[in-house]
Amino acid sequence: MLSRKTGAPFNVPRKHNGMIKVGRNDPCPCGSGKKYKQCCLLEAEAARPAGDRSEAVPKAIHWLTLTRGRAVREALDEGFFGGLDEEEYQALMGMEPDTLEAIMLNAMEWLLADGFIAINGRDRRVSELLLTKGGPLLSAEQREWIALMASKPIRLYEVAEVIPGESMRLQDLLLPGRAPVLVQERTGSQQAVRFDLIAGRILPVADHFELSGAVYAIPRNRSDGLIAQLRHELEDADPDSSIAREVTGCLIPDHWLKLFVAPPEIPQFVDLITQDPILLVTDHYRVRDWNALEHALSGEADVEGNRRDGWERLFESGDGVERSSAAINPGQRPDRLSVFYRTQPYADTGRTWFNGLAGRSVAFLSREISDPKGVLSKRLSGGNPRPPAQAQLPPEILTELVGKHIRQFYQHWADQPLPALGGSTPREAINTAEGLEQVKFLLHSYQHGEDRQAKDQNREAVSYDFLWQDLGIAP
Numbered sequence: 051m052l053s054r055k056t057g058a059p060f061n062v063p064r065k066h067n068g069m070i071k072v073g074r075n076d077p078c079p080c081g082s083g084k085k086y087k088q089c090c091l092l093e094a095e096a097a098r099p100a101g102d103r104s105e106a107v108p109k110a111i112h113w114l115t116l117t118r119g120r121a122v123r124e125a126l127d128e129g130f131f132g133g134l135d136e137e138e139y140q141a142l143m144g145m146e147p148d149t150l151e152a153i154m155l156n157a158m159e160w161l162l163a164d165g166f167i168a169i170n171g172r173d174r175r176v177s178e179l180l181l182t183k184g185g186p187l188l189s190a191e192q193r194e195w196i197a198l199m200a201s202k203p204i205r206l207y208e209v210a211e212v213i214p215g216e217s218m219r220l221q222d223l224l225l226p227g228r229a230p231v232l233v234q235e236r237t238g239s240q241q242a243v244r245f246d247l248i249a250g251r252i253l254p255v256a257d258h259f260e261l262s263g264a265v266y267a268i269p270r271n272r273s274d275g276l277i278a279q280l281r282h283e284l285e286d287a288d289p290d291s292s293i294a295r296e297v298t299g300c301l302i303p304d305h306w307l308k309l310f311v312a313p314p315e316i317p318q319f320v321d322l323i324t325q326d327p328i329l330l331v332t333d334h335y336r337v338r339d340w341n342a343l344e345h346a347l348s349g350e351a352d353v354e355g356n357r358r359d360g361w362e363r364l365f366e367s368g369d370g371v372e373r374s375s376a377a378i379n380p381g382q383r384p385d386r387l388s389v390f391y392r393t394q395p396y397a398d399t400g401r402t403w404f405n406g407l408a409g410r411s412v413a414f415l416s417r418e419i420s421d422p423k424g425v426l427s428k429r430l431s432g433g434n435p436r437p438p439a440q441a442q443l444p445p446e447i448l449t450e451l452v453g454k455h456i457r458q459f460y461q462h463w464a465d466q467p468l469p470a471l472g473g474s475t476p477r478e479a480i481n482t483a484e485g486l487e488q489v490k491f492l493l494h495s496y497q498h499g500e501d502r503q504a505k506d507q508n509r510e511a512v513s514y515d516f517l518w519q520d521l522g523i524a525p
């Protein structure tokens, strides 16, 4: 692999568009024991049309590394990897082979489409070097493919629609007024979900569009900085200009590379009213007498609900909105009950209140505490992404439970001041064009998280349409 300090030769990835390139003298992957060139390569070459464009990038890279190896290393170091400091760069080079191979695939395509290399003291665009006299021997189709890649910029897209195994409809995130583009993509569409963020080049091919091969997946929860940078740098630029192309071709790969080496910041979750840290506290009880408990709860003016749906203890906050300090939920077993609180102070005062109210109708069993910051940190570091108990529930029941939780959690969302909106409520923010776009992005992010989780849990996703309807806006 390349080294910025030593300038040592690097290994060219033998993979493009998701296909591993097997060497002619390698053992055939079919398991026959023969060399690839004496077995399946013969059949593959017979079936492959002359000038197959999938060979354009590997051929071009091979020629560049043989004839301009040092210049190629310098171009990648100063261009594609130029935004990394030495510590970040070395951390990147120490990644797992599969990860490093994916990084180098994107680096090589960037080099061919956007890179410049120094020849005799003069910078030459790599694509021009490949396509002019003295370049590698390429078929007309391969030359056309390289020219096409070099003519299209890297752009940031939001997945608007997915047909798994067939296609994705991509919306330019920075140009929402442009029509989404339907892209044929068999492999990527199998894993994608609506509202994924990806960057790449969309190329016209015959009567349809395709992604060029290099794709930059950008997690929504780590996209704010990139989107703000792009909007700032492109504010006065023609989106189809060479300046815009240079900006996106620099900022997007740099942000993507740093995702690999910079640990994600874990946000501090706080209660919007009390500013206390969010701590998910659940007290579990055995119910001795349901009738006595229901009677006690029905006598409380600040408690609403019933045995079937559960109860909530409500209070009016400073902004005049009723909020919940405790949620009382019937358990899976007929003699079980749980009381949920979202902060430690709510839990401490709530337990005293509930025990005094319920008296001998219940018996306390245990308290369960979950720190969302710790849970998120464990997920990001490769821990178990969801509780095993949930995974054992029937999909339709799990969807129902998740839906109930989402509606309960977001019931006052439209009128809550949000840090992501600069302290404004969503209802206030939508009165400006910028605020409206921010609210839409938040709602798409919520739906994206639910769609991704539902896909992982093999269940139907819960819709956040009720929030759009509450605000009276369209997606």
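Our numbering applies: residue 51 is where the sequence shown begins, and numbers increase by one.
Idealized CB from N, CA, C, for every residue including glycine.
Whether residue i touches residue j by CB criterion (9 Å)
i              : j                 : result
leucine 198    : leucine 224       : no
leucine 307    : glycine 133       : yes
tyrosine 391   : isoleucine 456    : no
glutamine 488  : alanine 470       : yes
valine 412     : arginine 338      : yes
glycine 360    : alanine 377       : yes
isoleucine 248 : valine 231        : no
valine 209     : arginine 172      : no
aspartate 333  : phenylalanine 404 : yes
alanine 294    : leucine 309       : no
leucine 276    : valine 297        : no
alanine 200    : alanine 163       : yes
leucine 493    : isoleucine 419    : no
glycine 215    : glutamine 240     : yes
proline 327    : arginine 358      : no
serine 374     : glutamine 507     : no
DSSP-derived helix/strand/coil call for residue i
i                 : result
methionine 158    : helix
tyrosine 207      : strand
serine 374        : strand
tyrosine 139      : helix
asparagine 271    : helix
asparagine 356    : strand
phenylalanine 365 : strand
proline 214       : coil
isoleucine 480    : coil
phenylalanine 390 : strand
aspartate 286     : coil
alanine 32        : A query on residue 32 cannot be resolved here, the shown segment of the chain reaching from 51 to 525 and no further.
phenylalanine 319 : coil
proline 437       : Residue confidence for proline 437 is low, a pLDDT of 42 falling below 50, so the modelled location carries little weight; the figure read from the coordinates is stated next. Coil at proline 437, not helix or strand.
histidine 462     : coil
glycine 263       : strand
proline 467       : coil
leucine 220       : strand
asparagine 508    : coil
7 Å CB neighbourhood of residue i in its chain, flanking five on each side removed
i             : result
proline 186   : Lys109, Ala110, Trp113, Leu180
glycine 129   : Gly165
alanine 157   : Leu126, Phe130
arginine 336  : Asp385, Arg386, Val412, Ala413, Leu415
glutamine 466 : Leu322, Thr475
glycine 432   : Here the model assigns glycine 432 a pLDDT of 47, short of 50, so the residue's position is not dependable and the matter cannot be decided.
valine 221    : Before going further, note that residue 221 is glutamine rather than valine in the sequence given. Here the set comprises Tyr207, Glu208, Ala210, Pro230.
Opening and closing residue of the alpha helix (DSSP H) in which residue i lies
i           : result
proline 112 : A small correction: the amino acid at residue 112 is histidine; proline does not occupy that position in the sequence shown. Per DSSP, histidine 112 belongs to the alpha helix (DSSP H) from 106-117.
leucine 330 : Leucine 330 -> not in any alpha helix (DSSP H); beta strand (DSSP E) instead, spanning 328-337.
Close Cβ partners of residue i (< 8 Å) along its chain, the five nearest in sequence each way excluded
i                 : result
glutamate 372     : Leu364, Phe365, Glu366, His462
valine 512        : Thr449, Val452, Gly453, Ile456, Glu500, Ala504
phenylalanine 598 : Residue 598 falls outside the range modelled here, since the chain spans only 51 to 525, and no answer is possible.
glycine 409       : Ala342, Ala346
leucine 301       : Leu276, Gln279, Leu280, Glu283
proline 289       : Leu224, Leu225
leucine 521       : Ala464, Pro476, Arg477, Ile480, Val489
The beta strand (DSSP E) enclosing residue i, as first and last residue numbers
i                 : result
phenylalanine 195 : The residue you asked about is not phenylalanine; residue 195 is tryptophan in the sequence shown. First-last for tryptophan 195: 190-201, but that is the alpha helix (DSSP H), not the beta strand (DSSP E).
phenylalanine 414 : 412-420
glycine 250       : 247-255
leucine 232       : 231-234
phenylalanine 166 : 166-169
Integer-rounded CB distance, given that residue j should sit under 8 Å from residue i
i              : j              : result
arginine 270   : tryptophan 195 : So it is not a contact: roughly 31 Å between Cβ atoms.
isoleucine 561 : valine 176     : In this structure the chain extends from 51 to 525, so residue 561 is not present and cannot be described.
glutamine 394  : valine 331     : 7 Å
leucine 150    : valine 122     : With a Cβ gap of about 17 Å, leucine 150 and valine 122 do not count as contacting.
isoleucine 204 : glycine 299    : 5 Å
tyrosine 460   : leucine 517    : 6 Å
glutamate 274  : histidine 498  : Residue identity check: residue 274 is aspartate in the sequence provided, not glutamate. With a Cβ gap of about 14 Å, aspartate 274 and histidine 498 do not count as contacting.
Contacting residues, own chain, Cβ-Cβ under 6 Å from residue i (five flanking each side not counted)
i             : result
glutamate 136 : none
serine 495    : Arg270
leucine 486   : Ile480
arginine 417  : Asp333
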